[in-house]
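Enquirer:
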Amino acid sequence: MNGEPSLARRLLVGGLGAPHDQLAAAAIANAFAAADNGTGVSTLVHTWGALDEGAFERGRSVLPRGQCAPVLYTTGALLRTAEKIEEEFGEATALSLLSVRSCGPCRYALFEPAWERALSRAGHPPPRVVAVEQSIDGLRELVGDEGMSTLLDALLVADVLREVLHRLRPRVEEVDELEGAAAAAVLRIASAIESGTAPIEALAEESGFHRHLERCAPTPLARVLILGDPWSMHVEGDGQLNLPRVLARAGAEVEIPPFALWLNYVLWQMRGAPYGRSQAPTEARISLAQSLEAELRTRLAAASRAAGLGGFELPDMDELTELAAPHLTAGVRGGYGHVEVGLAVRARRERRAHLAISVKSFGCMPSNGVSDAIVPTALDGAIPFLSLEVSGDGEAARESRLMLRIASAVEAAAADLADARGPLDPHEGRGAAFAGAAAASDALAGTFEAGPRTHACTLACHVYHASSRSLAMGSGAER
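Heads up: the sequence shown runs through residues 449 to 927, numbered per this note's numbering.
What follows is the structure, given as structure tokens:
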């Protein structure tokens, strides 16, 4: 690769956590195996490992003060993995990194210099960095066109798997058993991808990994919209304060946009109106971006069908731009920019949540400016708002604030259910409505979307539509 084959022999894939890192690494390993076939050159692909508190503390120990949380988490995880490779091969090794190069775009989160500084101090040569979201040419050079296609499908499969977990956590009796089954399924899917199976086909083979789990009785769940800077919104685990797990324990379901939304935002910027001194995009560039956006939606839909997942779609980027326009111009870049605001306004308009939480990395100046002032204004009091900071400190204080808000959200969900029961006959209609709600809740495709959203509470939506059908049938019989 550019006369430097050693760089391709140690590729570290990471930056988002499980399952995205695992499946992306499997797709890259498969592409390398095809490229290396018959050359006698072996390419080793590793993930960066867990983006946990240990990684955060390691990053904090080697970098200057004032770095944002994504830089600290990723640097610490990268160093740990580089050291393991050094122990295995007996010497510091030149590395290539496939990751996200920045959080946003962001003028402040300088991931690459931080990684170079940390690796240099550990005795490693400067790494070659290929960014998932910013370097199509670099990706094509690394894995080829077919490898890029496989990588995209692997990332979308990871989005779908994560969504399955989000939907099921508050609806199964044993969450630990669910997460264990999901982790095992991810390993099997990764192994299949690395062996040459198409990612969506591998997902279809494992789509039943959760079906043996005992479901909870239908209950009104508070619904929480997670917003934030791109990294904090999409990463899994400590970097996101483990919010999906914490909220599920407290009786809430979550809506978190998929990582594909970030890719869609990058494509939108290719065709978006110019800002500052940037030049207007050419017709060819606009056409290319639109075709890639359509392909992204098509592939995400295919992955969702493979998992039996209904109602999982990308928000329309142009609609989000229009919704955000009264509050924040689309020309302001940094973090998620107007996208976060558009998601908040959409949630208010469509009654999608009882609570909006903006999770922010410590030091994220672009996104903090959006969440601390603009998003609450856009919500206009219709949805309570809470901003939480990922800093590695203050966990007890954060959880206390969160639980206070969740208690109110759970009460609001119960009120939604009471309102949805309103049209029901107290003796006849109620049983039929709950039977329909229970059946829908037991099917993965029905746990999130039950026709038009009439209430933020999903169970209330099921009951409302079931009661409406019951009343309509009764009226027809009377006539």
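Just so you know, even glycine gets a beta-carbon here, dropped at the ideal spot from N, CA and C.
1) Go through the stretch 688 to 735 residue by residue and report every complete run of the beta strand (DSSP E) that reaches 3 residues or more, in order.
2) Identify whether A483 lies in helix, strand or coil by the three-state DSSP scheme.
3) What residue from L803, F810 and M851 has the CA that sits closest to G829's CA?
4) Whose C-beta lies closer than 6 angstroms to the C-beta of L740 among residues of the same chain, with five residues either side of it excluded?
5) Do V787 and L464 have their C-beta atoms within less than 7 angstroms of each other?
6) Out of G785, L791, R693 and F810, point me to the one whose CA is closest to E847's CA.
7) Please tell me whether L673 has its Cβ less than 7 angstroms away from any Cβ of chain D.
8) One question on the structure: do A868 and L669 come within less than 7 angstroms of each other, judged by their Cβ atoms?
9) In the DSSP assignment, what residue or residues form a beta bridge with E662?
10) Between which two residues does the beta strand (DSSP E) carrying S547 extend?
11) Apply the 10 Å Cβ neighbour rule to L757 and answer buried if 16 or more other Cβ atoms are within range, or exposed otherwise.
12) What first and last residue would you give for the beta strand (DSSP E) that runs through V461?
13) Within the continuous beta strand (DSSP E) that includes H494, where are the two ends?
14) Along the beta strand (DSSP E) that carries E837, what are the first and last residues, could you check?
15) Could you give the DSSP three-state label for G524: helix, strand or coil?
16) Buried or exposed: where does T777 fall if 16 or more other Cβ atoms within 10 Å of its Cβ makes it buried?
17) In whole angstroms, give me the CA-to-CA distance for A482 and T491.
18) Does the beta-carbon distance from D686 to C812 come in below 7 angstroms?
19) Quick check on the DSSP output: the beta strand (DSSP E) that includes G507 runs from which residue to which?
20) Quick check: the Cα distance between A908 and E611, rounded to an integer number of angstroms?
21) With H, G and I counted as helix, E and B as strand and the rest as coil, what does DSSP make of V780?
22) So what does A579 bridge to, in DSSP terms?
23) Go ahead and pull the three-state DSSP assignment for A908.
24) Between the Cα of R719 and the Cα atoms of F480, A737 and G571, which residue gives the shortest distance?
25) Mapping the DSSP letters down to three states, classify R610 as helix, strand or coil.
26) Taking the alpha-carbon positions, what's the T598 to A479 distance?
27) By the DSSP assignment, the alpha helix (DSSP H) with P822 in it spans what residues?
28) Ends of the alpha helix (DSSP H) at L771?
29) Shortest alpha-carbon distance to H572 belongs to which of C516, Y713, A640 and I533?
30) Report yes if the CB atom of A792 is closer than 7 angstroms to the CB atom of L827, and no otherwise.
31) Which whole-angstrom value describes the C-beta separation of N661 and A708, a residue pair presumed to lie in contact below a C-beta threshold of 8 angstroms?
Expert: This is what the structure holds:
1) 700 to 703
2) Start at 1 with the first residue of the sequence shown, and residue 483 comes out as number 35. Looking at A483 - three-state DSSP - the assignment turns out to be helix.
3) To locate residue 829, count along the sequence shown from 1; it is residue 381. Considering only alpha carbons, the answer is L803.
4) Taking the sequence shown and counting its residues from 1, the one referred to as residue 740 is at position 292. Contacts found: L715.
5) Translated into the one-based positions of the sequence shown, residue 787 becomes position 339. Translated into the one-based positions of the sequence shown, residue 464 becomes position 16. No.
6) For this step, residue 847 is matched to residue 399 along the sequence shown. Per the Cα distances, R693.
7) Here chain D cannot be found, since the structure has a single protein chain.
8) Translated into positions along the sequence shown, residue 868 becomes position 420. Translated into positions along the sequence shown, residue 669 becomes position 221. Result no, Cβ atoms of A868 and L669 do not sit closer than 7 angstroms.
9) Sequence index remark: in the sequence shown, residue 662 carries index 214 (1-based). Partner(s): none; E662 has no beta bridge.
10) For the purposes of this step, residue 547 is identified with residue 99 of the sequence shown, where counting begins at 1. Its beta strand (DSSP E) spans residues S544 to S547.
11) As a position in the sequence shown, residue 757 is number 309, starting the count at 1. It counts as buried.
12) As a working note, residue 461 is residue 13 in the sequence shown. Counting along the chain, the beta strand (DSSP E) containing V461 begins and ends at R458 to V461.
13) The residue given as residue 494 occupies position 46 in the sequence shown. Residues L492 to T495.
14) By one-based count along the sequence shown, residue 837 stands at place 389. That run of the beta strand (DSSP E) goes F833 to V838.
15) Along the sequence shown, read from residue 1 onward, the residue named residue 524 stands at position 76. G524 falls in the helix class under three-state DSSP.
16) As a first step, residue 777 is located in the sequence shown; it is residue number 329 there, counting from the start. It counts as exposed.
17) What you label residue 482 is simply residue 34 of the sequence shown in a count that begins at 1. What you label residue 491 is simply residue 43 of the sequence shown in a count that begins at 1. Distance between the alpha carbons of A482 and T491: 11 angstroms.
18) Reading the sequence shown from its first residue, position 238 is the one you call residue 686. Reading the sequence shown from its first residue, position 364 is the one you call residue 812. Not a contact, by the Cβ cut-off of 7 angstroms.
19) For the purposes of this step, residue 507 is identified with residue 59 of the sequence shown, where counting begins at 1. Careful: G507 lies outside any beta strand (DSSP E), inside the alpha helix (DSSP H) at E501 to V510.
20) In the sequence shown, the residue the question calls residue 908 occupies position 460. In the sequence shown, the residue the question calls residue 611 occupies position 163. A908 and E611: Cα-Cα distance of roughly 21 angstroms.
21) Indexing the sequence shown from 1 puts residue 780 at position 332. Three-state DSSP puts V780 in coil, outside helix and strand.
22) Mapped onto the sequence shown, residue 579 falls at position 131. Looking at the DSSP assignment, A579 forms a beta bridge with S547.
23) Working through the sequence shown from its first residue, we reach residue 908 at position 460. A908: helix per DSSP, three-state reduction.
24) The sequence position of residue 719 within the sequence shown is 271, counting from 1. Measuring from the Cα of R719, the nearest candidate turns out to be A737.
25) In the sequence shown, counting from the first residue as 1, residue 610 sits at position 162. Three-state DSSP puts R610 in a helix.
26) By 1-based counting over the sequence shown, the position of residue 598 is 150. By 1-based counting over the sequence shown, the position of residue 479 is 31. Taking the straight line from one Cα to the other gives about 8 angstroms.
27) Position 374 of the sequence shown, counting from 1, holds the residue named residue 822. Position check: residue 822 holds Ile in this sequence, whereas Pro was assumed. Looking at the DSSP string, I822 is not in any alpha helix (DSSP H), and its letter there is neither H nor E.
28) Indexing the sequence shown from 1 puts residue 771 at position 323. It spans M765 to A772 - the alpha helix (DSSP H) in which L771 sits, taken as one unbroken run.
29) Sequence index remark: in the sequence shown, residue 572 carries index 124 (1-based). That would be I533, whose Cα lies nearest to the Cα of H572.
30) Here residue 792 corresponds to residue number 344 of the sequence shown, with the count starting at 1. Here residue 827 corresponds to residue number 379 of the sequence shown, with the count starting at 1. Yes, the Cβ-Cβ distance between A792 and L827 is below 7 angstroms.
31) Reading the sequence shown from its first residue, position 213 is the one you call residue 661. Reading the sequence shown from its first residue, position 260 is the one you call residue 708. Rather than Asn, the amino acid found at residue 661 in this sequence is Leu. In fact, because the Cβ distance is near 26 angstroms, the residues do not count as touching under 8 angstroms.
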